[in-house]
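S.K.:
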Ligand code: AMP
Ligand code: MG
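Next comes the structure, spelled out in structure tokens:
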């Protein structure tokens, strides 16, 4: 493997995925676009990546639009499969191209991917392109997730193509430059398993372990240790989604990153009014990916990973299956552990007691009954300690005073004062999330040529835990009885 010389813009490509068997990718160049125009550039991320912001601002759009290939890049479309709404399909990057892997100044390896960069051998009947709205949406929400401390792919830029894409009506086209720890998915393993060649699968496993779980390299039981490690990261990730009210919307196995990052922001959205069965996506008719189903769907997706790994484990097949099932069954307790620590933190609790899960779930019941805003309720709880004289309206909510009684008794068993607890709560309960209304407002403006509302929203999202005068418009929660929000896949 040769490390390419750093370019003026700071690109430092060192491509390793291309050394896997050729079935895993197709060398494919992005299709040039008519008129590349920079819409958004993530300066802070560019700096962290060791890129030259000034150069990116002046000429980066040509690279981000796929019109120029930076030195050292080796563009490929990656192959993968996946269960989409429960049905197995061979997929692959149909509208994305991996430019290559860039090494950051602290030697982190990241994928640089162009999403919406034209047709590839995996495009099927699709046009390989993306519309501006959904690409800005991914930029806003992924960067919002990052500020909330949730593992996620990042967004480096959105670049207009100067071309239209047909999505019922003509829409402005754009390309998102996505930065990811990698784009290896559960679906990548399903793809390898479906090929039926043990050697491919072994190589994919060894490569993935090397890249994401190097501590497991010498494990005697590599496939099992790997599976356990992926399970752990997924349990941690999904618990974080559940604690901020994030609904991914398309948890197909091709959208599950092995590295444990949130990936593929399509119809995702955050809860306003709490309801466990919330579904935003217009295509999720059965509610398969509803808010409350996300942990169990994750376990289902992990079962698909386990199935894919069967081929590479020697020994009696029944024993092998049994061992995978045993690990898979640890998912619930693993998830609960992460979730309860996070749930307690949201309530100002630093210790764990047996009945704590009841306190949290009773609060959710109250929110559901009285149609309370998920995010705002936690903010109000901290307020109720710090400024008991200001009534945020919760005292009128049915069952709330009884719940507060229970919570106060529990808080009294914590070290430190109630005010200390409120301070802790402020560090974990966001005041600002990418509110559906605000995201929508920003997208509508962007589509008509005004990117300012997007800039203002992105700025507010950078400090989700700080309540300031400037970010006040982004703090507002939904009112009981407000209209349900609906999202579209944008493909
Ligand atoms: P997604 O819903 O974005 O996870 O995409 C599911 C699959 O459809 C992936 O294989 C994508 O590459 C493919 N796909 C989505 N949009 C397009 C498009 N406009 N052209 C070609 N393939 C697409
Ligand atoms: Mg996808």
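Residue numbers (this note's numbering): 3 to 493. The C-beta atom is built at its ideal place from N, Cα and C for all residues, glycine as well.
1) Please tell me whether, using a cut-off of 8 angstroms, the distance from the CB of residue 124 to the nearest non-hydrogen atom of the ligand AMP is below it.
2) Please identify the residue among 103, 364, 28 whose C-alpha is closest to the C-alpha of residue 407.
3) Below 8 angstroms, is the gap between the Cβ of residue 256 and the nearest heavy atom of the ligand MG?
4) Give the DSSP-derived three-state secondary structure of residue 159 in the structure shown.
5) With three or more beta-carbon pairs closer than 8 angstroms as the criterion, would you say the region 142-158 touches the region 234-247?
6) For residue 1, count neighbouring Cβ atoms within 10 angstroms of its own Cβ and tell me buried if that reaches 16, exposed if not.
7) So residue 112 is in the beta strand (DSSP E); what residue range does that whole segment cover?
8) Verify the contact flag: residue 51, CB atom, against every heavy atom of the ligand AMP, threshold strictly below 8 angstroms.
9) Given 8 angstroms as the limit, tell me if residue 188 has its C-beta closer than that to any heavy atom belonging to the ligand MG.
10) For residue 463 and residue 166, what's the separation of their Cα atoms in angstroms?
11) Does the Cβ of residue 322 lie closer than 8 angstroms to at least one heavy atom of the ligand AMP?
12) Work out the CA separation of residue 40 and residue 175 for me, nearest whole Å.
13) Please tell me whether, using a cut-off of 8 angstroms, the distance from the CB of residue 266 to the nearest non-hydrogen atom of the ligand MG is below it.
14) Using the Cα positions of residue 224 and residue 414, report the straight-line distance between them to the nearest angstrom.
15) What does a CB cutoff of less than 7 angstroms around residue 6 pick up in its chain, not counting 5 residues either side in sequence?
16) Does the beta carbon of residue 88 fall short of 8 angstroms from some heavy atom of the ligand AMP?
17) Go ahead and pull the three-state DSSP assignment for residue 78.
18) Where residue 387 and residue 238 are concerned, what is the direct C-alpha to C-alpha distance, given to the nearest angstrom?
19) Closest by CA to residue 230, which one among 205, 254, 252, 260?
20) Go ahead and pull the three-state DSSP assignment for residue 322.
21) Return yes when at least one heavy atom of the ligand AMP lies under 8 angstroms from the C-beta of residue 180, else no.
22) If you run the structure through DSSP and keep just helix, strand and coil, what is residue 354?
23) Are there 16 or more other CB atoms within 10 angstroms of the CB of residue 103, so buried, or fewer, so exposed?
24) Is residue 379 helix, strand or coil when you go by DSSP?
25) Quickly, what does DSSP pair residue 259 with across the bridge? List them, please.
26) Would you say the beta carbon of residue 20 comes nearer than 8 angstroms to a heavy atom of the ligand MG?
27) Do residue 232 and residue 354 come within 9 angstroms of each other at the CB atom, strictly closer than that value?
28) Rounded to whole angstroms, what is the Cα-Cα separation between residue 301 and residue 292?
29) What does a CB cutoff of less than 7 angstroms around residue 428 pick up in its chain, not counting 5 residues either side in sequence?
30) What residue ranges within the region 212-293 form continuous alpha helix (DSSP H) runs of no fewer than 4 residues, ordered along the chain?
31) Measure the CB-CB distance between residue 202 and residue 315 and report whether it falls below 9 angstroms.
32) Indicate whether the contact test is met: 3 or more Cβ pairs, each with one atom in the region 202-219 and one in the region 265-273, closer than 8 angstroms.
33) Once you ignore the five residues that flank residue 21 on each side, which residues in its own chain have a CB closer than 6 angstroms to its CB?
M.R.: Reading it off the structure:
1) Position 122 of the chain shown, counted from the start, is the residue given in the question as residue 124. For the ligand AMP, at least one heavy atom lies less than 8 angstroms from the Cβ of residue 124.
2) Position 405 of the chain shown, counted from the first residue, corresponds to residue 407. Per the Cα distances, 364.
3) If you number the chain shown from 1, residue 256 lands on position 254. Yes, since a heavy atom of the ligand MG falls inside the 8 angstroms radius drawn around the Cβ of residue 256.
4) Here residue 159 refers to the residue found at position 157 when the chain shown is read from its first residue. In the three-state scheme derived from DSSP, where H, G and I count as helix and E and B as strand, residue 159 is classed as strand.
5) yes
6) The structure shown does not extend to residue 1, since the chain is modelled only from 3 to 493, so the question has no answer here.
7) Within the chain shown, the letter at position 110 stands for residue 112. Taken as a continuous stretch (DSSP letters only), the beta strand (DSSP E) holding residue 112 covers 111-117.
8) Working through the chain shown from its first residue, we reach residue 51 at position 49. Not so, every heavy atom of the ligand AMP lies at least 8 angstroms from the Cβ.
9) As a first step, residue 188 is located in the chain shown; it is residue number 186 there, counting from the start. Not so, every heavy atom of the ligand MG lies at least 8 angstroms from the Cβ.
10) The count along the chain shown starts at 1 and reaches residue 463 at position 461. The count along the chain shown starts at 1 and reaches residue 166 at position 164. Rounded to the nearest angstrom, the two C-alpha atoms are 30 angstroms apart.
11) The residue labelled residue 322 in the question sits at position 320 within the chain shown. No, the ligand AMP has no heavy atom inside 8 angstroms of this Cβ.
12) For the purposes of this step, residue 175 is taken as residue 173 along the chain shown, with counting starting at 1. For the purposes of this step, residue 40 is taken as residue 38 along the chain shown, with counting starting at 1. In a straight line, the C-alpha of residue 175 is about 12 angstroms away from that of residue 40.
13) Counting from one through the chain shown, the residue named residue 266 turns up at place 264. Residue 266 Cβ: within cutoff of the ligand MG.
14) Here residue 224 refers to the residue found at position 222 when the chain shown is read from its first residue. Here residue 414 refers to the residue found at position 412 when the chain shown is read from its first residue. Between the alpha carbons of residue 224 and residue 414 lies a distance of about 46 angstroms.
15) Numbered from 1 along the chain shown, position 4 holds the residue referred to as residue 6. Residue confidence for residue 6 is low, a pLDDT of 49 falling below 50, so the modelled location carries little weight; the figure read from the coordinates is stated next. Around residue 6: 14, 15, 16, 73, 74.
16) Locating residue 88 in the chain shown gives position 86, counting from the first residue. No, the Cβ of residue 88 stays beyond 8 angstroms of every heavy atom of the ligand AMP.
17) As a first step, residue 78 must be located in the chain shown, where it is residue number 76. If DSSP states are grouped into helix, strand and coil, residue 78 belongs with the strands.
18) Along the chain shown, one-based indexing puts residue 387 at 385. Along the chain shown, one-based indexing puts residue 238 at 236. Between residue 387 and residue 238, the C-alpha separation is close to 29 angstroms.
19) Indexing the chain shown from 1 puts residue 230 at position 228. That would be 260, whose Cα lies nearest to the Cα of residue 230.
20) Taking the chain shown and counting its residues from 1, one reaches residue 322 at position 320. In this structure, residue 322 counts as helix in the three-state DSSP scheme.
21) Locating residue 180 in the chain shown gives position 178, counting from the first residue. No; taking the cut-off as 8 angstroms, the Cβ of residue 180 has no heavy atom of the ligand AMP nearer than that.
22) Along the chain shown, read from residue 1 onward, the residue named residue 354 stands at position 352. Three-state result, residue 354: coil.
23) The residue given as residue 103 occupies position 101 in the chain shown. Classification of residue 103: buried, given that the 10 Å Cβ count is 16 or more.
24) Here the question's residue 379 lines up with position 377 in the chain shown. DSSP, read as helix, strand or coil, puts residue 379 in helix.
25) Locating residue 259 in the chain shown gives position 257, where the first residue counts as 1. In DSSP, residue 259 forms a bridge with 187.
26) Walking along the chain shown from the start, residue 20 turns up at place 18. No.
27) The sequence position of residue 354 within the chain shown is 352, counting from 1. The sequence position of residue 232 within the chain shown is 230, counting from 1. For residue 354 and residue 232, no; Cβs fall outside 9 angstroms.
28) Taking the first residue of the chain shown as position 1, residue 301 is located at position 299. Taking the first residue of the chain shown as position 1, residue 292 is located at position 290. CA-CA distance, residue 301 to residue 292, rounds to 15 angstroms.
29) Taking the chain shown and counting its residues from 1, one reaches residue 428 at position 426. So the list reads 384, 467, once near-sequence residues are dropped.
30) 224-246
31) Counting from 1 along the chain shown, the entry for residue 202 is found at position 200. Counting from 1 along the chain shown, the entry for residue 315 is found at position 313. Not a contact, by the Cβ cut-off of 9 angstroms.
32) no
33) Within the chain shown, the letter at position 19 stands for residue 21. Once the five neighbours on either side are set aside, residue 21 has no close Cβ partner at all.
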